[in-house]
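Have a look at the structure below, then the notes.
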Amino acid sequence: MESLDRTDRKILELLQQDCRITIKELAEKLHLSNTPVYERVKKLERSGIIKNYVAVLDPEKIDRSMVVFISVSITKHTRDVVQKFETEVLALPEVMEFYITSGNFDAMLKIMVKDMHAFQHFIQEKLSKFEYITRFNSTFVISSAEKIGYDL
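Below you can see the structure in the form of structure tokens.
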């Protein structure tokens, strides 16, 4: 990780709280002028520390309140098969995250669906069509708490 000073860390903290904050508002909160704050933000973007700016949606309001983690075993562990599986599974709208894992399973998917009927449809009509999946295990989220952003 690049060397981040206290000002860079504060900029990142404030952007994680509200990525729509203006340079002027950032500068006011940091007690700096606009130009150095603008240059620091651009440097953080160019270096890849800031990857993207996103809106966090309320799953309840978009009919995606059911969260399921699906652990998956695949037949082959070649780079081509794993990359193909990752690309194809991430193209499914229900899949929010994809991880390569160690242990009893090879990969883990985080999916979000409306309800059990939508989950059943996802399993039967989408996930089961991948020929290189040998088995999977589903874990249903009962409740959750999340932390937006990283502590720096």
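Using my numbering, you'd call the opening residue of the sequence shown number 1 and step up by one each time. Using N, Cα and C, we set each Cβ at its ideal position, and we do this for glycine too.
Residue from the options whose Cα sits closest to the Cα of residue i
i	options	result
R20	D8, V41, T7, M112	V41
Y132	T22, Q83, P36	Q83
D8	Q17, K29, L44	L44
M112	S102, E125, H121, V95	V95
I100	K114, L92, F85, P93	F85
Y150	Q17, R6, S102	Q17
L4	V81, I50, E97	I50
D58	K114, H121, F122	K114
R64	M116, A27, G103	M116
CB contact flag (residue i, residue j, <8 Å)
i	j	result
I62	S138	no
V72	L109	yes
T134	T87	no
F119	M66	yes
L15	K29	no
For residue i, the residue or residues it bridges with in DSSP
i	result
E97	K110
I133	I74
T139	F69
Residue i, buried or exposed, once every other Cβ within 10 Å from all chains shown has been counted against 16
i	result
D106	buried
L90	exposed
F140	exposed
E25	exposed
S144	exposed
V37	buried
N52	exposed
I148	exposed
Proximity test, Cβ basis, 8 Å: residue i and chain C
i	result
S73	You won't find chain C in this structure, because it holds only one protein chain.
For residue j and residue i, believed in contact at Cβ under 8 Å, the rounded distance
i	j	result
L152	L12	6 Å
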